[in-house]
Structures are given as structure tokens and as C-alpha cells.
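Once you know that position 127 of the sequence shown is 126 in numbering that gives the first Met the number 0, the rest is easy, because the numbers rise by one and skip nothing. Don't be surprised by glycine CBs; every beta carbon is placed ideally from N, CA and C. Just so we're clear, the structure is a prediction, and the values are computed from it rather than from any experiment.
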Amino acid sequence: MIGKILVDRIRNEGGICYNAEITVQDDLDRGLIECDITDDRSIAATIKKVVERHGHIDGLVNNAYPRTDDWWKRFEEVTAESWKRNVDMQMNSLFSFCQQTLKVMKEQRSGSIVNIASIYGIVGPDFTIYSGTEMTMPAAYSAIKGGTINFTRYLASYYGSLGIRINCISPGGIASDQPKNFVSNYVSKVPLRRMGSPDDIAAPICFLLSDEASYITGHNLVVDGGWTAI
């Protein structure tokens, strides 16, 4: 959802962008690379393809959201195996993609990475917005997104002297065919009285990738319609 809008926006602004996705086949002319982000070898192969084609990597956006089939279970129903698997797929793949891309950026002494976190990496969930629905907020999500924010700060501090910038975006709720009860509950609590759209997130990502943000690193840009302001 956000990924497609982001790719289109970057291309429309004249940039070169690749979507690394497990469900596609390689078509570099169309900006598609088959990649399993849970496999370190697949990540390495993806990076190699881009470097061989262009000689450098200017930016990386970690937007993937792999999860198990039981992702939406309530906390007391979550198994240790499920918890570990989701942390592995999301947090550890983020580590691997950053680490391998930063090897290229270190040689260049330039680059920008944007990691996608969440408001629920900053504040605790308001479970009342799930009233009247079968939805809940997965416990692992809060742990992973909170870790993403501070991992971003770590990387920004570690690589700042090389001119490499690492930031993250924390979106609020993004409209995605959620149940009407959830949408009504959510918009009644957010100051702007609406859910976000993929365009609302793609624009600040592009800003953080660009030279216009050349003095911004280690920052968590919250894009939430004011949710965390109250």
C-alpha cells in the first residue's frame, strides 16, 4: 500500500527506485526485484543487483511487514514460537537489510535510510478503538516498532561521521478497508479527525531521503494527524 505509492512518487520525481518484494519476478527495467527479506542471502543478492546496475545505492526504505497467520491473536493467546518468529521476520530482517546496505554506503560515504516505525513504538495502544471489532494490537508490533526507533538512533550515531543519514517515520492509522466501527472509533480520537493515507506517508519519506533533509539524522518523524500530541 505505502510501498506502491512511494515507488510511484519517487519515479514521478525523476528518481530510480526498486521494489524488493517476495511476490514479484525480477524485472529491473520496471523496478522490480524478487527478494525474501527473511533470507540474508536474498538480501545480499538484491543489493548486488542494484550495485552492479548503478554502482551505488543512495537510499533505502525499510517498509516490509511480514507476519505470521496468527499475528492478530490476543496477547494471552500468543505462543512463544509466534512471538519469536515475528520478531525474527521483522526486526532481524531490518537489521540485515540495514547492515548489508550500509556496507555499500560506507564505501560511498553517503546515503540515506528511512525505517518505518509506528506511533505504537512511541505510546501504548488505545484498546478502546478496537471495540466492536475482532481487531486488536499485536504485542510484538509494539516491541518491534519501539526497537526500530531506537535502532535507528543507534545507526544514526554510528554512521553520522561518514555522512550517512538514518531516520524513521512513525505513521498513525492508515486507512485500509478496516471495519467501520474501528474507523469511527479512530477518527473520533485523532485531532485531524481522519485516518492517514499512503500519500501522507510517502511524502515525508521522500523528504527524508532527499538532500533537503541533509542535516537531519537520528530523527523519528511522527505522521499521525496529532494522535500522539494528546
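Starting from T145, trace the alpha helix (DSSP H) both ways and give me its first and last residue. Strictly speaking, residue 145 in this sequence is Gly, with Thr absent from that position. Residues 138-158.
If the criterion is Cβ atoms closer than 8 Å, does the pair A43 and Q99 meet it? yes
Please name the residue or residues paired with N18 in a DSSP beta bridge. L31
Can we say the stretch 23-34 touches the stretch 69-84, given the rule of at least three CB pairs closer than 8 Å? no
Hey, is the stretch 107-125 in contact with the stretch 56-66, meaning 3+ C-beta pairs nearer than 8 Å? yes
Buried/exposed call for I229, threshold 16 Cβ in 10 Å: exposed
Give every residue of the same chain whose Cβ lies closer than 7 Å to the Cβ of V113, excluding the five residues on either side of it in the sequence, and list them in chain order. V60, N166, C167, I168, I204, L207, L208
Delimiting residues of the beta strand (DSSP E) encompassing I229: That residue, I229, is in no beta strand (DSSP E); it is neither H nor E in DSSP.
Three-state secondary structure assigned by DSSP to R84: helix
Could you spell out where the beta strand (DSSP E) holding R52 opens and where it closes? Careful: R52 lies outside any beta strand (DSSP E), inside the alpha helix (DSSP H) at 39-53.
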